[in-house]
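Residue numbers (my numbering): 1 to 595. Ideal placement from N, C-alpha and C gives every residue a C-beta, glycine not left out.
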């Protein structure tokens, strides 16, 4: 009996000893694993828990016009946040809500304080304190604990709407932004930025403007509270962006449009920079800062399309403003000369298709040569030329004039004027170009579409006798270009004399501009919005303002030493010489008087 009990005790003792040894083995194994195998990794985790950092956001670079006006800059804003280092008391909560009763209530604040303490996360409770709000809080600060004032930056733009489409605006980053910036910015980290440039120069020069983050290093206690700042790695502010826009001329151009839809674009022919590029109507970029999704949708649905950049994206038939450029093509290839005449009776008859095209002047222009066709804008003369054009030569000429290619590296968003060739027509209509297409193309109608930026460049090409560069707002990256036609100096001089007479001859379509001493050369145009087959139809269309012709003018000044080229489009303005031309005159006078 006694031996049996001893056996039982020994068995139990061995079992307990075995369990003890097993547990000890597990502990030693675990200790070895943690200390030896994972020791370095756990040490790093410990250091990360104790020694942490937060990013210091840099100040975004300013954007400044060429006449020294700050158009966009970051300004300090102050917000009120919960201080998780010191839990706000009930008394402080009540006093704060009494102080800012119009901006926050007691229940909401209690909930935010509770969540903030629970998740150890400081939460902003009042954004963008006014100077009056800030003063009220600081005066009452000793009685209100558990809250702190934090600093931040907010993008502030010049409020004049003329500059919105050039500058663009900022917005919260999304997946499309990440896809856009990742291949353009080395080692792009989208998690570092809450807002990025959405359009305009803000988007194109995101990397240059954004700067680089700094870091603030600190140590935490066992509860995870930040206690001691150990080091600061300074941030680098974004670079300033000096742009080619002349803000005074920009504002004037916008104001001259008087709420009409359209665009004005000017190119400085000394370096092909862009001093004026406006699209109307427009808004201030500040209006988008705190806009609701419903308000933004209203802007998108606005029939006037204030968010649409007509200067770089709008496509319009150039109408008669394309005639001087096609004159270069026709003269160089022997399709006409300055002596050829036709009798313009107000119609052009295309016998191959038994079609009759109406001219804009009832009764026509009579006996007409090339100069008269330019000055008085004879459509039958240029339609008669167009059916002689050889397709491939015509397409090559348009291509050399930058049709079908990007015009500006830093104009965003940006549309190019389509190159009308067989490929284009196959893609859009399933057939190739035929001779009848060239009748409309020859007078800037039909399939031909151009942006205001391109029209201003075409004017510059004429002013510089076929030589040109691609326009830009900040960065000049292109070499000298030229159209692939070489006129004699005599032909260039005769062409310029014709464009001068457009403005100064009583018969010229731009005579009512009253250009005076400006020394303006140019060409007006009237682009049809809808096809019109008779004058009766024209009178009927005019009753609807949205179907009236667009008014267009291109030109350059001074004609004896060209400094600026310009394009003006007034949608549904009807008369290029009477409506668009006077705007061009005043803008050019402003620019030339400034130098």
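What is the residue span of the alpha helix (DSSP H) that residue i lies within?
i: residue 493; result: 489–504
i: residue 97; result: 90–99
i: residue 583; result: 581–593
i: residue 603; result: Any property of residue 603 remains undetermined from this structure, which presents the chain solely from 1 to 595.
i: residue 509; result: Careful: residue 509 lies outside any alpha helix (DSSP H) and carries neither H nor E.
i: residue 117; result: 106–118
Please report the straight-line C-alpha distance between residue i and residue j, rounded to a whole angstrom.
i: residue 124; j: residue 152; result: 12 Å
i: residue 150; j: residue 195; result: 19 Å
i: residue 155; j: residue 307; result: 19 Å
i: residue 567; j: residue 355; result: 33 Å
i: residue 335; j: residue 262; result: 35 Å
i: residue 436; j: residue 203; result: 43 Å
i: residue 252; j: residue 562; result: 21 Å
i: residue 19; j: residue 148; result: 56 Å
i: residue 446; j: residue 184; result: 38 Å
i: residue 548; j: residue 528; result: 7 Å
i: residue 27; j: residue 17; result: 15 Å
i: residue 382; j: residue 373; result: 8 Å
i: residue 126; j: residue 409; result: 41 Å
i: residue 582; j: residue 315; result: 22 Å
i: residue 135; j: residue 556; result: 55 Å
Please state whether DSSP places residue i in a helix, a strand or coil.
i: residue 358; result: strand
i: residue 13; result: helix
i: residue 275; result: strand
i: residue 212; result: strand
i: residue 80; result: strand
i: residue 350; result: strand
i: residue 534; result: Here the model assigns residue 534 a pLDDT of 49, short of 50, so the residue's position is not dependable, and the following value carries that caveat. Coil, per DSSP.
i: residue 515; result: coil
i: residue 344; result: strand
i: residue 450; result: strand
i: residue 217; result: strand
i: residue 623; result: The chain is shown from 1 up to 595; residue 623 falls before or after that span and cannot be answered.
i: residue 421; result: coil
i: residue 401; result: coil
i: residue 74; result: strand
i: residue 19; result: helix
i: residue 266; result: strand
i: residue 242; result: strand
From the options, pick the residue whose C-alpha is nearest to that of residue i; which is it?
i: residue 88; options: 274, 59, 144 and 129; result: 144
i: residue 83; options: 76, 119 and 74; result: 119
i: residue 266; options: 425, 130, 490 and 254; result: 254
i: residue 359; options: 552, 347 and 27; result: 347
i: residue 439; options: 352, 525, 30 and 286; result: 352
i: residue 191; options: 488, 279, 175 and 95; result: 175
i: residue 507; options: 173, 459, 371 and 436; result: 371
i: residue 103; options: 91, 130, 121 and 116; result: 130
i: residue 385; options: 478, 560, 591 and 342; result: 342
i: residue 235; options: 215, 148 and 465; result: 215
i: residue 329; options: 516, 442, 171 and 590; result: 442
i: residue 338; options: 327, 345 and 344; result: 327
i: residue 559; options: 297, 576, 13 and 515; result: 515
i: residue 571; options: 110, 259, 244 and 97; result: 259
Between residue i and the rest of its own chain, which residues show a CB-CB distance below 6 Å, the 5 nearest in sequence each way excluded?
i: residue 182; result: 188
So residue i is in the beta strand (DSSP E); what residue range does that whole segment cover?
i: residue 550; result: 550–557
i: residue 564; result: 564–570
i: residue 149; result: 147–157
i: residue 172; result: 170–172
i: residue 378; result: Looking at the DSSP string, residue 378 is not in any beta strand (DSSP E), and its letter there is neither H nor E.
Enumerate in chain order the residues of its own chain whose CB-to-CB distance from residue i is below 7 Å, with the five nearest sequence positions on each side excluded.
i: residue 457; result: 267, 402, 407, 468 and 471
i: residue 67; result: 246, 247 and 248
i: residue 167; result: 63, 71, 72, 157, 200, 201, 202 and 285
Residues in its own chain within less than 8 Å of residue i by CB, not counting five upstream and five downstream?
i: residue 433; result: 391, 420, 421, 422 and 425
i: residue 95; result: 140, 143 and 144
i: residue 300; result: 307
i: residue 193; result: 173 and 210
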